[in-house]
Amino acid sequence: MKIALMDSGTGLLAAAAAVRRLRPDAALVLSSDPDGMPWGPRTPADLTERALAVARHAAAHRPDALIVACNTASVHALPTLRAELEPDLPVIGTVPAIKPAAAAGGPVAIWATPATTGSPYQRGLIRSFAADTEVAEVPCPGLADAVEAADEAAISAAITRAAALTPPDVRSVVLGCTHYELVADRIRDAVQRPEGPALTLYGSAEAVAAQALRRIGAEPAPAATPSRELTVLLSGRAGTLPEAALAYEEGRLLAGTATGAPTGAAVPAPGEPAAEPAH
169 MKIALMDSGT GLLAAAAAVR RLRPDAALVL SSDPDGMPWG PRTPADLTER
219 ALAVARHAAA HRPDALIVAC NTASVHALPT LRAELEPDLP VIGTVPAIKP
269 AAAAGGPVAI WATPATTGSP YQRGLIRSFA ADTEVAEVPC PGLADAVEAA
319 DEAAISAAIT RAAALTPPDV RSVVLGCTHY ELVADRIRDA VQRPEGPALT
369 LYGSAEAVAA QALRRIGAEP APAATPSREL TVLLSGRAGT LPEAALAYEE
419 GRLLAGTATG APTGAAVPAP GEPAAEPAH
C-alpha cells in the first residue's frame, strides 16, 4: 500500500502521521511546494496550477490514494485534481471539522487563516453544519507561516493574538488549517480558561487518513509491520524531510525517531465531514 499526501509545506505532517499510525506498513509519498509557498495569498487559478503540479509529481510514484492535506487547496483545486486524476487515483480533500464540533455543543471557535476566515466557503460550512450553534470565526495571521518555519517565538505570538480574539466561553476550537494541528497542545493551553469548560480541539488529520483507507478498501492495522519507505518531493525534486519538520512530534514519527503520540486535537467520529466526501 502506498499513500501520497500533498500540501504547500509541512501542513501535511499531521495527516501523514495519522496514516502512519493507522497503517504503519503503508509507504508514504510527501509532495510539497517549497518553491511556491505559501499558497494562501495566491489567486485561485494560480493556486490550482501549483497544486496540480504537486499532485502530478506525487501521482508519478503510483500511489493508491492522494490526500490533499491543505484546506485552501481543497477549496480551490480539488475539482481540478479529481478531474485529472480520478478514477485511477482517489483524491481525498480536507475540510474543517465544523459539524462534529457543533454537534458536541457550542460555543465554537474556528481558527483559520485570514483568507479563509469570513470567506463564502467557511460561512457556507457554518450555515450547513452549525446554523444553530454560536460560532466565532478567529483569524490567525502569521500562524501557518510560523509553524512552517518552526519559529517558536512567532508561533507563540500568533497563538497569543488569536487566543485574545477567542471568546472566553468556547467549548471547542476547530483547527481550520492543517498547520495548526502541529501545535494543537499549545493552542489548547492558550485558550483554556481555568474557570471555563473543558476545551476540545477538532482537527481533520485522523478523519482524512481514515477516509483514504476507506476509498481504497483498506482497514486500519495499527499493529502491522512498519514500513520505512518515505519519499519526499520538494516541488518535484527528490529530497528529505525539512529540518523544521523535525521540530514536531509528527515529523519525528515519520523520520522514525518518535513514538507517534497524538498532539491533542480531537477527531470527528467516523462519517463526519472533516474529509471531503468522495465524488
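Residue numbers (this note's numbering): 169 to 447. Glycine included, each C-beta is placed from N, C-alpha and C at the ideal position. Computed from a predicted model, the values in this text were never measured in an experiment.
Cβ-based burial, residue i [other Cβ within 10 Å; buried from 16]
i, result
"P264", "buried"
"L333", "exposed"
"P410", "buried"
"P247", "exposed"
"I266", "buried"
"S296", "exposed"
"D175", "buried"
"G385", "exposed"
"T346", "buried"
"T211", "exposed"
"T368", "buried"
"D203", "exposed"
"R250", "buried"
"G424", "exposed"
"G419", "buried"
"G364", "exposed"
"A299", "exposed"
"E374", "buried"
"A184", "buried"
"D201", "buried"
"A314", "buried"
Closest by C-alpha distance to residue i, when choosing among the options
i, options, result
"P231", "M169, P247, L422", "M169"
"R188", "A377, E254, T399", "A377"
"T281", "G344, R420, A233", "G344"
"A415", "L293, I323, V400", "I323"
"R329", "T346, R354, L350", "R354"
"R383", "L180, L257, A412", "L257"
"E305", "V315, A317, E316, T285", "T285"
"A331", "R250, W279, A314", "W279"
"L253", "A226, L181, T262", "A226"
"G179", "E316, C308, G310, Y370", "E316"
"D357", "T262, V236, P336", "P336"
"C308", "E320, E417, A326, A318", "A326"
"V303", "A269, G208, I171", "A269"
"S372", "A172, A318, I171, L181", "L181"
"A312", "G177, D214, P388", "G177"
Residues that residue i bridges to, as DSSP identifies them
i, result
"G179", "BP columns for G179 are empty, so no partner."
"A280", "P307"
"M174", "S199, V236"
"T399", "V197"
"V259", "L234"
Residue i (DSSP reduced to helix, strand or coil)
i, result
"R405", "strand"
"A245", "helix"
"Y370", "strand"
"A376", "For the sequence presented, residue 376 should be read as Val rather than Ala. It is helical."
"A426", "With a pLDDT of only 48 at A426, under the threshold of 50, the placement of this residue in the model should not be trusted; the figure read from the coordinates follows. Of the three classes helix, strand and coil, the one that applies to A426 here is coil, per DSSP."
"V342", "strand"
"R188", "helix"
"L293", "helix"
"E217", "helix"
"S287", "coil"
"H225", "helix"
"R383", "helix"
"D353", "helix"
"Y416", "coil"
"D313", "helix"
"T301", "coil"
"E252", "helix"
"P394", "coil"
"A318", "coil"
"L333", "coil"
"E411", "helix"
"T211", "coil"
Worksheet item: Would the region 338 to 357 and the region 272 to 281 be scored as touching if the rule is three or more Cβ pairs under 8 Å?
Response: The way I'd put it, the region 338 to 357 does touch the region 272 to 281; three or more beta-carbon pairs between them come closer than 8 Å.
Worksheet item: Is the region 234 to 250 touching the region 283 to 299, taking contact as three or more C-beta pairs under 8 Å?
Response: Flag = yes, the region 234 to 250 and the region 283 to 299 touch.
Discussion item. I want to know whether the region 219 to 228 touches the region 395 to 409 - three or more CB-CB distances under 8 Å.
Written reply: The region 219 to 228, when compared against the region 395 to 409, does touch it at the 8 Å Cβ threshold.
Worksheet item: Hey, is the region 182 to 198 in contact with the region 387 to 394, meaning 3+ C-beta pairs nearer than 8 Å?
Response: Yes, they touch.
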